[in-house]
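J.: Supplied in structure tokens, the structure appears directly below.
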Amino acid sequence: MPDTQALVNDFLNKLKKRKIEGSQATAKQTAELLRSVISQTRVPYTNQAGALIDSVKAVGERLIAANPVAADKSSRSKKLKHDVIEAVNELIQDISTCHEQIAEQAVEHIHQNEVILTLGSSRTVLEFLCAAKEKKRSFRVFVAEGAPRYQGHLLAKELVTRGLQTTLITDSAVFAMISRVNMVIVGAHAVMANGGVIAPIGLNMVALAAQKHAVPFVVLAGSHKLCPLYPHNPEVLLNELRSPSELLDFGEFSDCLDFGSGDGAPLLHVVNPTFDYVPPKLVSLFITDTGGHNPSYMYRLIADYYSADDLVVQRRSTSGN
Amino acid sequence: MDPRRTARTVSDPKVRQVGFFTQPSPPPGRSVSDPPPHDDTVRSLSPSSPPVNDHSPSGISLSPVMIPPPRHHSDTLLLRTALQATSPTTSFSYSARTVTIPPENEDVPSSFSPGLKVVSGKSPSSFPGVKASSVPASELTTVSVVNLHLVISEKAGGASVEVQNDQPANSKPLKEKTSKAERHALQEAQRAAKAAAKGGKTSSTASQSATKPSKAAKSPSQKNEDSQVAASEKKRVDRAPEKDRKKDAPHPRMQYDDMSRVEKAKRRAVVKQTEVRNRVELFRHLPQYEHGTQLPDLETKLFALDPMHHAIYKVGLQYLSGDICGGNARCIAMLQAFKEAIKDYSTPPEKTLIRDLTARISSYVSFLIECRPLSISMGNAIKFLKSRIAKLTLSLSEPDAKAALMLDIDRFINEKIILADKVIVKHAVTKIQDGDVLLTYGASSAVEMILLHAHELGKQFRVVVVDSRPKLEGQLLLRRLVRRGLSCTYTHVNAVSCIMHEVTRVFLGASSVLSNGTVYSRVGTACVAMVSHAFRVPVLVCCEAYKFHERVQLDSICSNELGNPDAISKVHGREEINYLEGLVNGENLQLLNLMYDATPSEYVSMVITDYGMVPPTSVPVIVREYQREHLWS
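Residue numbers (this note's numbering), protein chains in the order written: chain Y, 1 to 321; chain Z, 322 to 954.
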């Protein structure tokens, strides 16, 4: 299948170079890629399903090898080719419309004169807040800027152009301001099977502050973000470290980088993680396209999207088998 | 009674040994009856032995966990006797008290007899209207001595009225609080003081005996007779001790949503401030000014500002531009500038040094406030300076008075800041062990000293420096630490929950610790303390005791400082992040740049001060027992 290999390689390159941003785009493109893989698989007359599953699995493994954190994009396997393609189409459709379905629920949760806090930027949150605004609810939003990517600036810009009262604060001021906030609404990168959330960095701090002040912490997540894995050491295993240049200017600190201790180990380490893990006990509510759920319920939704055999995509060793 | 307890007449019941302590080697000259160091044993402190006359309280060989007895315990003793004098069951005798108390305030420039010196030095300046604490002594000493003392304490009362008012623009509403009778008495006293300054020492007693009736005029129904005065004073003894103990609530600070006061302040202002267009509603009570417009304006006014001393002007500009930053640095710079101003000061004719200098200092302070709101450390230092000015005796010549003030300022800087830091470092390095991973936030001078000292001692540990926008102060600390060879990890405040699982201790600095145990410090400290608490990592706050304050605060909104909002919209070093260009002046967008936040006391395990390592709940104890008597006496 040379064409599909090219497609898969292309996609993998894009993932590695982080050209695809956002979970939704990644999921969509993964699904589309799988759809094209499936349509081009030459299916033997016997064991059609098995062949399909194998090809999808192969692609899935390569995807996981390229981007381990995107674990939720992997196994989506169903029955026969046409059905499969239809199902994949449905999946793509779901991914595209999850925002509207989540945003429809906004009016139930946001009322007049509320103060909402969010961190960073998430398209789901943006649509959610705008939907409430359209229903003539007037409320204020505090946006924490979300260093070091400063996506909060983007979200603030969007909200301001749509007419919402926005105040931009630094991440360090979250604890100071949260006593005046009615609700915290954030997006997620992935939702784990235990109800924990892999979220942009800084959200664990926000969740702890919200718990201390008894402010509801609401996570908006499309169902494509659901992941069947349980997090064991999420800060380390499910995290990515980005370049230190986002925190320190290499030019300014070039003199410090030369220093080393006696055994040659560098004295200066810079840690710039991308994701944060929020445990389920800090989350008050998940709002998905199927409605609102408790964190302890999220594992049931896995069954809708994942088949029991495919909960973990095994890495095939190169020596065979 | 416990036979091991020594006689009550010489014991200070407020001093108790509780908790861990090592065998204290008895300091020289202590009373013979040194009780064995048991828990809850009342220590006897003979008033005849100078408790610890060296400069730092660490000279007392106590364990750091215990709050050492107040240095001028004789002062509290006198208060105690005043309290207990009314109860007939005790067997105190005033004569014993006043005779045996040694002169503690050697540096009070006065030429009075030792007995009187003690009495005068004792009355804390923050008791405005109540002089009866000194009344028991008056029964023994001569009338003239009594009057002299009363005059002084009234002046102290007067000064304290000003002292409590940190906002010079609000002197009027504050004065209304003191009763009319008190102000009348104050004016009489000051008139007498002026007459005394002119007439010399011998006539001073004569004129002051004339002020004695004015003092009695305080209680309106009293007649101006000696017997009556004595009777009224006796009566006041009953009421006064309770009033002594109960202090006035600290006056609320100026709130900027009170339009009349804001207008008044603007009229007096030296620096022209334009208000920010998009004010955050929640912070209407704080000043929000446009940054960047004040500096050029001030520069043009440089030569027009005659009454402003050039050193003060320079310091104000340094605050405005952000060159000097940090509680200790700002306080020291301000005090040095005051020293220079005092050196160049000369009393104008027809004015007294004390009143004029105090007014001058107040005008300097209002200028500094316009440049940048005062930090709590600066506020305490100003209170100290004003109380020292007020305590100057009238008979001092001007050069002597100026020299004494400059000496006081040096002593304050040395004792309360430099030596206090040394003591804090000494206590804190005992909490660092080999293999520790220490986390710190921002750049605190005290924490930096601790880390460097521990490294010099050869301890093996790693440091995690957590930083945040917009000041990015952690980078400065990081640079200094790496240069000295410490192994450091640098991250930003959002990542603190990722890194907290490797951390063993957290050291934080503070701008102040308030009387409900809340730590008031750089914004973001509360987040770090909260996450540490969630991960069960001990949090140690290092703060010199002169920064403690008697006010209380529940959250970060009631009182804060708002910085330059442009610092938020622009990211230094990353020009591609300019999404908010053009929107900044729109009506929907507000930018909030908080400078401080309030960390609740339950997140703090321990506060390391120059008085020892105490829990945050002990801070009001230190404020009450020490700051009144030592800082402002």
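Each residue gets a CB set at the ideal place from its N, CA and C atoms; glycine is no exception.
Being a predicted model, the structure only gives us computed values, none of them experimental.
Are the CB atoms of residue 864 (chain Z) and residue 767 (chain Z) within a distance shorter than 9 Å?
T.: A contact, by the Cβ cut-off of 9 Å.
J.: Taking the alpha-carbon of residue 815 (chain Z) as reference, which of Y:200, Y:246, Y:292, Y:10 has the nearest alpha-carbon?
T.: Y:200
J.: Name the residue from Z:829, Z:677, Z:634 whose alpha carbon lies nearest to the alpha carbon of residue 787 (chain Z).
T.: Z:829
J.: So, using beta-carbon positions, are residue 657 (chain Z) and residue 753 (chain Z) closer together than 9 Å?
T.: no
J.: What does the Cβ neighbour count give for residue 398 (chain Z), buried or exposed, with the cut at 16 atoms within 10 Å?
T.: Note on residue 398 (chain Z): pLDDT 48, under 50, position unreliable in the model; the coordinate value appears next. The residue in question, residue 398 (chain Z), is buried, as its Cβ has 16 or more Cβ neighbours within 10 Å.
J.: Going straight from the alpha carbon of residue 111 (chain Y) to that of residue 139 (chain Y), what length do you get?
T.: Between residue 111 (chain Y) and residue 139 (chain Y), the C-alpha separation is close to 8 Å.
J.: Examine chain Z for any beta-carbon lying closer than 9 Å to the beta-carbon of residue 271 (chain Y), and answer yes or no.
T.: yes
J.: CB-CB under 6 Å to residue 144 (chain Y), same chain, minus the five flanking residues each way: which ones, in chain order?
T.: Leaving aside the five residues that flank residue 144 (chain Y) on each side, the residues in its chain whose CB is nearer than 6 Å to its CB run, in chain order, 119, 152, 169, 171, 174.
J.: Should residue 769 (chain Z) go down as buried or exposed, given a rule of 16 or more other Cβ atoms within 10 Å for buried?
T.: buried
J.: Name, please, each residue of chain Z whose Cβ falls closer than 7 Å to the Cβ of residue 156 (chain Y).
T.: 901, 910
J.: Taking 9 Å as the cut-off, decide whether the C-beta atoms of residue 959 (chain Z) and residue 609 (chain Z) are in contact.
T.: The requested residue 959 (chain Z) is not part of the displayed model; chain Z covers only 322 to 954.
J.: How about residue 319 (chain Y): is its C-beta nearer than 9 Å to some C-beta of chain Z?
T.: Because the pLDDT at residue 319 (chain Y) is just 39, under 50, the model does not fix this residue reliably, and the point stays unresolved.
J.: Going by the CB atoms, is the gap between residue 122 (chain Y) and residue 163 (chain Y) shorter than 9 Å?
T.: no
J.: For chain Z, is any of its Cβ atoms less than 9 Å away from the one on residue 69 (chain Y)?
T.: Confidence at residue 69 (chain Y) is low in this model, with a pLDDT of 47, below 50, so the placement of that residue should be treated as unreliable; the coordinate-derived value is given next. Residue 69 (chain Y) does not count as touching chain Z.
J.: Since I believe residue 827 (chain Z) is in contact with residue 910 (chain Z) (beta carbons under 8 Å), could you give me their beta-carbon distance rounded to a whole number of angstroms?
T.: Not really, about 35 Å apart at Cβ, beyond 8 Å.
J.: Pick out whichever of Z:928, Z:796, Z:687 has its Cα sitting closest to the Cα of residue 268 (chain Y).
T.: Minimum Cα distance to residue 268 (chain Y) is reached at Z:796.
J.: Among Z:868, Z:685, Z:848, which one has its Cα closest to the Cα of residue 212 (chain Y)?
T.: That would be Z:848, whose Cα lies nearest to the Cα of residue 212 (chain Y).
J.: Are the CB atoms of residue 792 (chain Z) and residue 692 (chain Z) nearer to each other than 9 Å?
T.: No, Cβ-Cβ distance for residue 792 (chain Z) and residue 692 (chain Z) is not below 9 Å.
J.: Quick one, which of Z:937, Z:932, Z:938 has its alpha-carbon nearest residue 736 (chain Z)'s?
T.: Z:932
J.: Any beta-carbon of chain Z closer than 9 Å to the one on residue 74 (chain Y)?
T.: The predicted model places residue 74 (chain Y) with a pLDDT of 44, which falls under 50 and marks its position as unreliable, so this point remains unresolved.
J.: Where residue 473 (chain Z) and residue 632 (chain Z) are concerned, what is the direct C-alpha to C-alpha distance, given to the nearest angstrom?
T.: Any reading at residue 473 (chain Z) must be qualified, since the residue scores a pLDDT of 40, below 50, and its modelled position is unreliable; the value itself is stated next. Taking the straight line from one Cα to the other gives about 32 Å.
J.: Could you tell me the alpha carbon to alpha carbon distance between residue 196 (chain Y) and residue 240 (chain Y), rounded to whole angstroms?
T.: 17 Å
J.: Classify residue 764 (chain Z) as helix, strand or coil using the three-state DSSP reduction.
T.: coil
J.: Report all residues from its chain with a CB closer than 8 Å to the CB of residue 668 (chain Z); omit the five preceding and five following residues, and keep chain order.
T.: 674, 677, 678, 719
J.: Check whether the segment 872-882 of chain Z and the segment 912-920 of chain Z touch, using three or more Cβ-Cβ pairs below 8 Å as the test.
T.: yes
J.: Considering only residues of the same chain and omitting the five flanking positions on each side of residue 127 (chain Y), which have a CB-CB separation below 6 Å?
T.: 99, 103
J.: Return the residues of the segment 812-824 of chain Z that lie within a Cβ-Cβ distance of less than 8 Å from chain Y, sorted by chain order.
T.: 812, 813, 814, 815, 816, 817, 818, 819, 820, 822
J.: Between the C-alpha atoms of residue 682 (chain Z) and residue 873 (chain Z), what's the straight-line distance to the nearest angstrom?
T.: Each residue's alpha carbon lies about 27 Å from the other.
J.: Quick one: give me the first and last residue of the alpha helix (DSSP H) that residue 631 (chain Z) is part of.
T.: 631-642
J.: By how many angstroms is the C-alpha of residue 666 (chain Z) removed from the C-alpha of residue 926 (chain Z)?
T.: Near 47 Å, if we compare the C-alpha coordinates of residue 666 (chain Z) and residue 926 (chain Z).
J.: Look up residue 860 (chain Z) in the DSSP assignment and say whether it is helix, strand or coil.
T.: strand
J.: Using the DSSP secondary-structure output, state which residues sit across from residue 917 (chain Z) in a beta bridge.
T.: Z:843
J.: With 16 other CB atoms within 10 Å as the buried threshold, where does residue 204 (chain Y) fall?
T.: Classification for residue 204 (chain Y): buried.
J.: How about residue 91 (chain Y) and residue 224 (chain Y): do their beta carbons lie closer than 9 Å?
T.: Result yes, Cβ atoms of residue 91 (chain Y) and residue 224 (chain Y) sit closer than 9 Å.
J.: Using a Cβ cut-off of 7 Å, pull out every chain Z residue sitting near residue 176 (chain Y), in sequence order please.
T.: 844, 847, 877, 915, 918
J.: Give the secondary structure of residue 488 (chain Z) by DSSP, where H, G and I count as helix, E and B as strand, and everything else as coil.
T.: Since pLDDT at residue 488 (chain Z) reaches only 41, below the 50 mark, its modelled position is unreliable, and the value read off the structure follows with that caveat. If DSSP states are grouped into helix, strand and coil, residue 488 (chain Z) belongs with coil.
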